[in-house]
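Report on the structure given below.
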Amino acid sequence: MKNASGNTSTRSFPFRAHPISSSWEIFETSNDSSFPKSHKTIISLDGPGPGNSSILLHLLDTPTSRSDQAIGPSCTRDLTDYVAATNAASASTPNASLIHLHEDIWHKKMPIVKSRLLNRLKPSSVTRLFGRKTVARRLEAGTALRFLESNHMWGATKARYYYGLHDRNGLLVAVATFSSKRKLQVGKHESRSFELIRFCNAMNFAVVGGISKLIRAFINDQKKPVDYIATVVDRDWGAGDGWGSVGFETVNVMSPVAMVVKDGTRRHLVGAGIERAGSKLGRPGVGENVLKKLAEITSHEEALLRNVSSGQQSGQLSNVASYGPSYHDAPAGVAAIMRHVVALSAKSRYGGGVGILDASDAKPNDSQKAEEYTATWEKTCARTSRLLFSTPSSLDEDATVEIRERQVTGWCTAGIVGGATKSIYHGNYKLSDEGVVDPRALTHEYMRSMASVFFAAHEFQRGHRDSAEEVEEGHSKYLSFLHLGFGGGSLPRYMNHSVRARGANCRNVAVEIDTGVVKAAEEYNLDDGMELVAGDALAYCRSSEEVFDAIFVDVFDERNLTPAGFYSGSFLESVSKHAMVIHNLHTGGNVRSQILYHTIYSYRRVFQTVFVVAAWGSRHTGGNAIVLAMNKRRLDATSEALSWREAGKNAQARWNVDFDIPFRTSNRLWLFLTTAFVCT
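Residues 932 to 1611, numbered by the working numbering, are exactly what the sequence shown covers, in order.
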């Protein structure tokens, strides 16, 4: 398949040129360098007959010389993410599938590619067979490896366990292979995990429920319970939605992986530890010499490694826009991924199940004072609180805004009671023995994470600034913050105090839509040292010409969801002029996961850097994700992990923060919505 001139060899496939319609117009008009020629290489592949399905096929030339212009791997990642987001937002219309098809794969694996594409089309023209009509058996290694070599896109690779499905005539129609067990310490318990290494159907066959039956057969044969199984999915063929129906959940989406093309053979950079030089059955890797050269790339340089012909020196580099190198060494890498998963319950359909690790044993190294704030707050009881203040809420005529004091401890809460929402907790504050609001009392983890992200990012920018900035005694002379959503005012008060305590000037503006909350804050001096504006935050951002050092977004509706306006393109464009945006979002459940996914994708359309951390204590059932978005300087926290962590340490010392900033800014999220375990 060749597409340099726009011509495509169909090889009897129903390929046809097709203008990219509505949902793809964004790529036709985009000036983003991440999409240098995407809209020119996407065609549609339609299934036969009425009610057909459509595959969007992204055709990619394989580089044959250093002069060839290649699309960076981040381009295919962003296209896949965009299609997943578009499908999630268009439940009423048929979903389109996006497949990235490389020219070298088409030529080397044409029969397999044809079979997989035909299987994706609806109605499918391949032979469909129900798993219940097959028999699962353990296979000899030779039989399984020959089958995989003939039917799997990436060929065969050695494994510990080989299983197959046979039809009523004894024909082998599907194979799955599994690794040996890996004993991993999850909390206080030792868990037994396995990797699903390979799975495929025979060409021109589709076994419905085949992978489920093979997994069950494998688990049933184990003498001891299987705690969980991990697998890796190739995102060239989609975001992995089918794996969710099998019981898998995504725990990580890896950065795009560079590749080496040598003498027409593609090799992914998966680490020297799994290289099998000269072996036909080994998992393809590259040598230490190439990896060492790659390690010499400076952290801010983005490059794609290609080895394209015998005339080129091994490991030569060619710059490609928008790409940061990342590698995955299989045994160590998969083991690390597995540490992030744990069995959901013994009631799983497979007897073991899979899931996301709720919490690790690691804890932040907070000061005694910070731990004291948390401990005294957690000892309070809402049932014994007494009402201090009440005023009508402007959002619901049947609701009231209340200030309540919890007995003995000096802790007070702000929230809404009654109306359609019944109860909304806004935040807390602590009174000193003199009855003064303590601005240092920041107990909620997501707020500590938001503050940590700002201080670390500000320090990082200082360390990498392109020109001299105005500083005094090692810290900025003036900082300004805009808070969208005031609530109980804990974060605005903390930021105001932290900056002023180090001798710098600080301007804090908070926008709160509920006039009842504003009245309560003014009554109890919760807005001391800041400007509290009653109004709509979206309208304020559109009309304000002031540029802030950071915008903190902490806004939710009556369902505790982020309103769509706060991740719309128009809103993000209006705040893109500011130094950074730090956005708190809720996690857990399908609806929140989709909002999180849409929000992150929207930020990536507008900002150069989008970095996401999970607040400590967040679980798969719920928690907080903190989004950092910046345009001032591109930050790759993978390649610059050391300087990012050092920035956190330096910021904690510079601003005398009493909680652990490096810990809270290192818990990076990679996955947001896709439904396979690990995507590369």
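Ideal placement from N, C-alpha and C gives every residue a C-beta, glycine not left out. The structure displayed is predicted, hence computed values, not measured ones.
- Residue environment: CYS1312 is assigned as exposed (fewer than 16 neighbouring CB atoms within 10 Å of its CB, all protein chains considered).
- DSSP, read as helix, strand or coil, puts LYS1408 in coil.
- By the 16-neighbour rule on beta-carbons within 10 angstroms, PRO1156 is exposed.
- Counting the other CB atoms within 10 Å of its CB gives ASP1480 a total of 16 or more, which places it among the buried residues.
- Contact check between the region 1025-1042 and the region 1059-1072: fewer than three CB pairs, one atom from each, fall below 8 Å, which does not count as touching.
- PHE1391 sits in a helix when the DSSP states are folded into three classes.
- Judged by pairs of C-beta atoms under 8 Å, the region 1542-1550 touches the region 1367-1386, as three or more such pairs exist.
- A direct Cα-Cα distance of roughly 43 Å separates ARG1576 from LEU1079.
- Inter-residue distance for ALA1015 and VAL1177 is about 19 Å (C-alpha atoms, whole angstroms).
- Pairwise C-beta distances place the region 1331-1344 out of contact with the region 1554-1562, as fewer than three of them are shorter than 8 Å.
- Within a 10 Å sphere around the beta-carbon of LYS1361 sit 16 or more other beta-carbons, which makes this residue buried.
- Non-local beta-carbon contacts of THR1446 in its own chain, meaning distances under 6 Å to residues more than five positions away in sequence, involve SER1325, ALA1465 in chain order.
- In this structure, GLY1358 sits near GLY1419, with a CB-CB distance shorter than 7 Å.
- Within the same chain, ASN1050, VAL1057, ARG1059 come within 6 Å of ALA1137 by CB-CB distance, once the 5 residues on both sides are set aside.
- Under the DSSP assignment, LEU1503 falls in the alpha helix (DSSP H) whose first and last residues are 1500-1506.
- The shortest CA-to-CA distance from THR1011 to any of CYS1131, ASP1158, ARG1166 is the one to ARG1166.
- In the DSSP assignment, PRO1323 falls within the unbroken beta strand (DSSP E) covering 1317-1323.
- When the five nearest sequence neighbours on each side are left out, the beta carbons in the same chain lying within less than 6 Å of the beta carbon of ARG1438 are those of SER1411, in order along the chain.
- DSSP places ALA1560 within a strand segment (E or B) once states are collapsed to three.
- By the Cβ neighbour-count rule, ASN1515 is buried, with 16 or more other Cβ atoms within 10 Å of its own.
- Distances from the alpha-carbon of GLU1376 to those of ARG1550, SER1429, VAL1332, GLU1489 put ARG1550 closest.
- The three-state secondary structure of ARG1099, taken from DSSP, is coil.
- Scanning THR1108, VAL1106, ARG1123 for the CA closest to the CA of LYS1114 turns up ARG1123.
- Burial state of VAL1442 is buried, judged by a 10 Å Cβ sphere holding 16 or more other Cβ atoms.
- Contact between ALA1451 and THR1322 holds, since their C-beta atoms are separated by about 6 Å, short of 8 Å.
- PHE1483 is positioned such that its CB atom lies no closer than 7 Å to that of ILE1444.
- Between ARG1008 and VAL1163, the alpha-carbon positions lie close to 15 Å from each other.
- ASN1359 is bridged by DSSP to THR1344.
- Under the DSSP definition of a beta bridge, LEU1029 partners with LEU987.
- Rounded to the nearest whole angstrom, the C-alpha separation of ARG1431 and ARG1379 is 18 Å.
- In chain order, GLY1346, ILE1347 place their CB closer than 7 Å to the CB of ILE1355, counting only its own chain and leaving out the 5 sequence neighbours on each side.
- Excluding its 5 nearest sequence neighbours in each direction, HIS1083 has C-beta neighbours in its own chain below 7 Å: ARG1129, CYS1131, listed in chain order.
- Burial check for GLU1365: the Cβ neighbour count within 10 Å stays below 16, so the residue is exposed.
- Three or more Cβ pairs closer than 8 Å define a contact, and the region 1453-1462 falls short of that threshold against the region 1488-1500.
- Inside the region 1445-1514, DSSP marks whole beta strand (DSSP E) runs of 3 or more residues at positions 1462-1465, 1481-1484, from first to last along the chain.
- Beyond the five residues adjoining it in sequence on each side, ALA1578 comes within less than 7 Å, by CB distance, of ALA1387, GLU1390, PHE1391, GLY1394 in the same chain, given in chain order.
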